[in-house]
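Going by the working numbering, 103 is the number at position 60 of the sequence shown; the sequence numbering is gapless.
Note that CB positions come from ideal geometry on N, CA and C, so glycine has one too.
The model shown is predicted, which means the values in this text are computed figures rather than measured ones.
Here's the structure we're looking at; comments come further down.
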Amino acid sequence: MPRVLLVEDEPAIADTLVYALGTECFEVTHVLTGTDALAVFASEAVDFVILDIGLPDMTGLDVCRRMRETSSVPVLFLTARADEVDRILGLELGGDDYVTKPFSPREVVARVRAIRRRSQAATAGPDPAGACAGAPASGISREVFRHDAAAMRIHCHGALLDLTAHEYKLLLVLLEKPGRVFSRDQLLERAWEDPGAVTDRTIDAHIKSIRAKMRALRAGTEDHIQTRRGLGYLLALD
Ligand code: CA
Numbered sequence: 044m045p046r047v048l049l050v051e052d053e054p055a056i057a058d059t060l061v062y063a064l065g066t067e068c069f070e071v072t073h074v075l076t077g078t079d080a081l082a083v084f085a086s087e088a089v090d091f092v093i094l095d096i097g098l099p100d101m102t103g104l105d106v107c108r109r110m111r112e113t114s115s116v117p118v119l120f121l122t123a124r125a126d127e128v129d130r131i132l133g134l135e136l137g138g139d140d141y142v143t144k145p146f147s148p149r150e151v152v153a154r155v156r157a158i159r160r161r162s163q164a165a166t167a168g169p170d171p172a173g174a175c176a177g178a179p180a181s182g183i184s185r186e187v188f189r190h191d192a193a194a195m196r197i198h199c200h201g202a203l204l205d206l207t208a209h210e211y212k213l214l215l216v217l218l219e220k221p222g223r224v225f226s227r228d229q230l231l232e233r234a235w236e237d238p239g240a241v242t243d244r245t246i247d248a249h250i251k252s253i254r255a256k257m258r259a260l261r262a263g264t265e266d267h268i269q270t271r272r273g274l275g276y277l278l279a280l281d
């Protein structure tokens, strides 16, 4: 069974993740501090790390930096704040992805599986977790969109989307929660540092531009961003 090191100091969050990962055939070692995480990492074989940024003794970013001195293990960051997301995106640590709180445990598990598939693709070996009886097919998003957090790039159906900084951040917000409708205000808040300086129309213009770039890559892909009249936008993966 693939072993996941979960570094999270909030017991409620950790409990739901330990349970969700357990049902998906992952073996989980849970620690509450960065110090303990590094100790476990040094002494045990770890296949994947889920790393909270806000830890009591050091930041998750520091923990990742230390792990990266000796290992390229895939890392999924857990973050509660938008400014932390900026810091993750600014990293060149090789951290693989992040999810923002609050999240569903299911979403985290799907992300872990998608990242593992991606990192295993080169070796062409079977995904041990995929052999778990009853494991639902997840990581669908990987097939349509792929986010390279380190390079701050998004691929759509295997082709690189050439996005401006705001288009990138906007699409990233939608990608975080496929199927969820985001109002224009919510998108402004999440993707702009100074939301007051722009209007709803700005969002519409950027969405239009992203759709055009997706369509240019492959006809029909622009439909992945759907409009809910009077409500906002959502990302559809099918
Ligand atoms: Ca925390």
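Asked	Found
I need the DSSP call for E70, collapsed to helix, strand or coil.	strand
Between D243 and ligand 1, is there a pair consisting of the residue's CB and a ligand heavy atom that are separated by less than 6 Å?	no
So L278 is in the beta strand (DSSP E); what residue range does that whole segment cover?	G275 to L278
Taking the straight line between their C-alpha atoms, what separation do you get for P148 and T59?	6 Å
For the beta strand (DSSP E) holding H198, just list the boundary residues, first then last.	R196 to C199
Which word fits G103, buried or exposed, when buried means at least 16 other C-beta atoms lie within 10 angstroms of its C-beta?	buried
In whole angstroms, give me the CA-to-CA distance for H190 and H198.	6 Å
Of the residues I268, T264 and V92, which one's Cα is nearest the Cα of I246?	I268
Quick one: give me the first and last residue of the beta strand (DSSP E) that H190 is part of.	F188 to D191
Shorter than 6 Å, the distance from the beta carbon of D58 to the closest heavy atom of ligand 1, or not?	no
Spell out the partners DSSP gives G89 in its beta bridges.	Checking the sequence, you will find Val at residue 89 rather than Gly. DSSP, once it has assigned bridges, lists no residue as partnering V89.
Just the C-alpha distance for A82 and T76, rounded to the nearest angstrom, thanks.	10 Å
Output the residues surrounding ligand 1, defined as those with a CB atom closer than 5 Å to any ligand heavy atom, in chain order.	D52, D95 and G97
DSSP state of T102, grouped into three classes?	strand
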